[in-house]
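Inspection log for the structure reproduced underneath, given as structure tokens.
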Amino acid sequence: MGGDVGHAVQIVHADQGENNTSFSLDEDALASVLLSPEIKDKKVVVISVAGAFRQGKSFLLDFFLRYLNSKGSEDWLGNPNTPLNGFPWRGGSERFTTGILLWSNPFIITLPSGEEVAVLLMDTQGSFDSTSTVRQCATVFALSTMLSSLQVYNIHGNIQEDHLQHLHLFTDYGRLAMESTDHTPFQHLLFLVRDWSFPYEYHFGSIGGNKLLDARLKILPTHQPEHQTVRRHIRSCFSRVSCFLMPHPGLRVATNPKFDGRLSDIDPEFVQELRVLVPTVLSPSSLQVKRINGEKITCRELLTYFKSYMEIYRGDMLPEPRSMLEATAEANNLNALLSSQEWYTEEMNKVCGPDRPYMSPADLEVAHTRLFNMAVQKFNSTRKMGGEAYSAVYLERLKTALQQLGNEYKIANQNKNIFQTFRTPAVFVVMLLLFHIITGVSEFLGLSAVSGMFALPFYLSLITLFTWLFLSYTGRAPELAQAIDATADVVVQRAIYPAVRRIGKRGIEQWLGPEAASTTNHVDHHQG
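What follows is the structure in structure tokens.
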């Protein structure tokens with residue numbers, strides 16, 4: 019693309035604040051790379067290198083640049099005394115690269131299919147330096163993984179359990195930001211193990227690397243559940259996972275502060291493996307077009323996705339990575355709560371649901387208690403994260419919800435009781451009949467004064483009955499309707515029930531004698 023071989027462009031900046039570091043996207047810089055007329059509508063291949071800080075990521079990318087600039091020449095490594103240029107790097111122990119960088123000039127490569135694609139190289143801020151938080155490390159790694167077709171996971175010495183744990187965390191953080199999809203969320207992950215010291219166990223290169231990777235990702239019966247989960251997660255997140263083992267580059271590289279990347283200062287064994295690694299990654303037959311949701315995307319579309327993902331990570335749409343275990347435990351417990359509550363509702367519907375007849379309140383209470391305890395047991399027996407103390411909060415929420423549901427079932431059941439429904443009008447009808455009989459008998463006996471005395475209660479009861487019927491039909495003045503219901507309850511408790519008991523007592527005396535009647539009185543008194 020012209021005489022300019024290109025330069026590193028900072029597209030994601032680490033903005034240092036008082037309490038934390040946030041990231042911002044330089045949209046103009048990103049657009050200057052992705053929207054150039056030559057490549058904006060071409061499919062894109064993104065090669066990213068990520069990993070711990072001060073492990074030689076930028077150093078490696080500059081050899082990628084050398085290969086691409088040579089257009090795949092056999093002698094792509096060039097003059098052994100030429101310094102290494104490209105992405106900025108330096109030796110030492112302090113962090114150098116921050117944020118995310120892209121090479122300004124994409125490389126147009128023709129695939130074996132004949133299609134021309136744009137190849138982008140991405141450099142990332144190293145993880146776990148002394149100033150970065152877990153969220154910052156997760157954001158950079160997740161973004162680069164989401165947007166790359168090949169993520170080179172650059173690690174030192176060996177594939178250790180902490181590498182797998184970090185990879186699990188970071189990729190999960192990336193998957194949270196992506197829309198739910200049936201496709202594998204990420205494409206190719208390459209474990210690049212630097213300074214491999216055990217070639218007698220696993221040879222340098224991809225053959226030994228893949229054997230090592232299979233050994234590290236193999237799930238064994240002796241693995242703890244969390245270790246098994248990590249391995250399954252990594253396999254499920256990437257469509258392809260591979261590994262390459264690199265030797266140590268030599269003492270001149272590690273200890274010379276003036277080392278400038280020239281091949282003459284690098285151990286020949288390292289150069290030999292480098293000559294194999296780089297074409298393995300960048301040869302046309304190895305390149306993979308970037309896919310999102312299964313669809314190949316162009317440079318122009320990559321810009322849109324980049325902006326969209328950055329908005330998610332800049333806002334509060336995602337939890338802190340350190341709280342993901344808690345978020346998972348919350349989801350586990352909430353699902354267990356809802357499942358137990360749903361089970362209780364289904365079982366109670368079988369007992370006294372809308373299509374079931376009225377049942378005895380005592381029997382309903384027994385059913386509620388039995389199903390309440392079984393729902394609690396179901397919650398307790400469900401496997402949940404977070405431990406007993408964490409689950410105790412959700413258990414109390416479940417008990418409260420079940421008790422409220424039980425009360426609602428009791429009210430609904432009571433409304434099915436036809437006698438309860440018509441209790442108030444029945445009381446006033448009985449009162450009207452009683453007053454009518456008394457006034458009629460009084461008139462027959464010539465007791466006009468007595469008849470007149472009961473006429474007023476008769477008409478008051480009649481007016482009250484019609485008022486209750488009107489209020490029940492129209493739904494107006496519910497407080498007045500409740501007051502009439504309360505009056506009917508008082509009449510039942512103070513007049514009708516005692517009268518029924520007295521009538522029952524006299525019947526028992528006539529049939530069974532006074533002793534049985536006294537026993538009945540004792541029972542009535544005890545129940546009252």
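Remember, the working numbering sits 18 above the position in the sequence shown when you count from 1. Every residue, glycine too, gets a C-beta built ideally from N, C-alpha and C.
Return the chain-ordered list of same chain residues with a C-beta closer than 8 Å to the C-beta of residue i, the five sequence neighbours on each side being excluded.
i: Pro98; result: Arg280, Leu281 and Ser282
i: Leu498; result: Thr485 and Leu489
i: Pro379; result: Lys428, Asn431 and Gln432
i: Pro443; result: Leu483, Trp486 and Leu487
i: Leu231; result: Ile177, Phe209, Val259, Ser260 and Cys261
i: Arg293; result: Leu95
Go through its chain and collect everything with a Cβ distance to residue i's Cβ below 7 Å, but skip five positions before and after it.
i: Ile57; result: Pro124, Ile126, Ala136 and Cys317
i: Arg270; result: Phe277 and Asp283
i: Leu86; result: Phe125, Val137 and Leu300
i: Gly223; result: Phe262, Leu263, Glu291 and Val294
Give a yes or no on whether the C-beta atoms belonging to residue i and residue j are separated by under 9 Å.
i: Leu53; j: Ile29; result: no
i: His266; j: Asp285; result: yes
i: Asn353; j: Gly404; result: no
i: Leu207; j: Cys255; result: yes
i: Lys396; j: Glu45; result: no
i: Gln421; j: Phe390; result: yes
i: Tyr408; j: Met164; result: no
i: Leu173; j: His186; result: According to the sequence as given, residue 173 is Ile; it is not Leu. Not in contact: Ile173 and His186 (Cβ atoms no closer than 9 Å).
i: Leu120; j: Asn103; result: no
i: Ile330; j: Val170; result: no
i: Glu414; j: Met392; result: no
i: Thr298; j: Ser357; result: no
i: Lys61; j: Glu133; result: yes
In angstroms with no decimal places, state the Cα-to-Cα distance between residue i and residue j.
i: His25; j: Leu78; result: 15 Å
i: His251; j: Tyr362; result: 34 Å
i: Leu43; j: Met140; result: 14 Å
i: Ser111; j: Leu305; result: The pLDDT assigned to Ser111 is 40, lower than 50, so where the model puts this residue is not dependable; a value taken from the coordinates is nonetheless given after this. Looking at the two C-alpha atoms, the distance is approximately 33 Å.
i: Val23; j: Arg258; result: 32 Å
i: Ile225; j: Met264; result: 12 Å
i: Val63; j: Pro130; result: 14 Å
i: Pro496; j: His386; result: 30 Å
i: Glu553; j: His454; result: This structure gives no information on residue 553, because the portion of the chain shown stretches from 19 to 546.
i: Lys75; j: Gln246; result: 29 Å
i: Gly268; j: Phe288; result: 8 Å
i: Ser166; j: Val27; result: 17 Å
i: Tyr327; j: Ala160; result: 10 Å
i: Glu383; j: Arg374; result: 16 Å
i: Thr240; j: Ala233; result: 14 Å
i: Gly522; j: Thr457; result: Bear in mind that the predicted position of Gly522 carries a pLDDT of just 49, short of 50, making it unreliable; the figure below should be weighed with that in mind. If you take the alpha carbons of Gly522 and Thr457, they lie about 26 Å apart.
i: Arg332; j: Asn367; result: 47 Å
i: Val248; j: Gln242; result: 10 Å
i: Lys417; j: Arg388; result: 13 Å
i: Gly371; j: Asp381; result: 14 Å
i: Pro101; j: Lys89; result: 19 Å
i: Ile502; j: Leu451; result: 18 Å
In the DSSP output, which residue or residues are listed as bridge partners for residue i?
i: Thr128; result: Glu134
i: Arg258; result: His206
i: Gln183; result: Paired residues: none, contrary to the question.
i: Ile310; result: Glu313
i: Trp121; result: Ala26
i: Thr141; result: Position check: residue 141 holds Asp in this sequence, whereas Thr was assumed. DSSP lists Val67 and Leu119 as partners of Asp141.
i: Val394; result: DSSP, once it has assigned bridges, lists no residue as partnering Val394.
i: Leu263; result: Val211 and Gly223
i: Gln169; result: Ser66 and Leu207
i: His174; result: Arg212
i: Lys61; result: Val135 and Thr316
If I measure Cβ to Cβ from residue i and keep anything under 6 Å in the same chain, skipping five residues before and after, which residues do I get?
i: Thr142; result: Ala68, Ile118, Val158 and Ser162
i: Ile315; result: Lys308
i: Met449; result: Ser479
i: Tyr412; result: Asn351 and Leu355
i: Leu295; result: Phe262
i: Lys402; result: Asn350, Asn351, Ala354 and Ser409
i: Lys229; result: Tyr220
i: Glu92; result: none
i: Arg193; result: Pro203
i: Phe105; result: Ala26, Ser76, Leu79, Asp80 and Asp141
Let's test the definition: count the other Cβ atoms within 10 Å of the Cβ of residue i and tell me whether it reaches 16, buried, or not, exposed.
i: Leu463; result: exposed
i: Ile481; result: exposed
i: Val211; result: buried
i: Leu168; result: buried
i: Gly525; result: At Gly525 the pLDDT is 48, less than 50, meaning the model places this residue with poor confidence; the figure from the coordinates comes in the next sentence. Flag for Gly525 reads exposed.
i: Arg153; result: buried
i: Tyr477; result: exposed
i: Ile237; result: exposed
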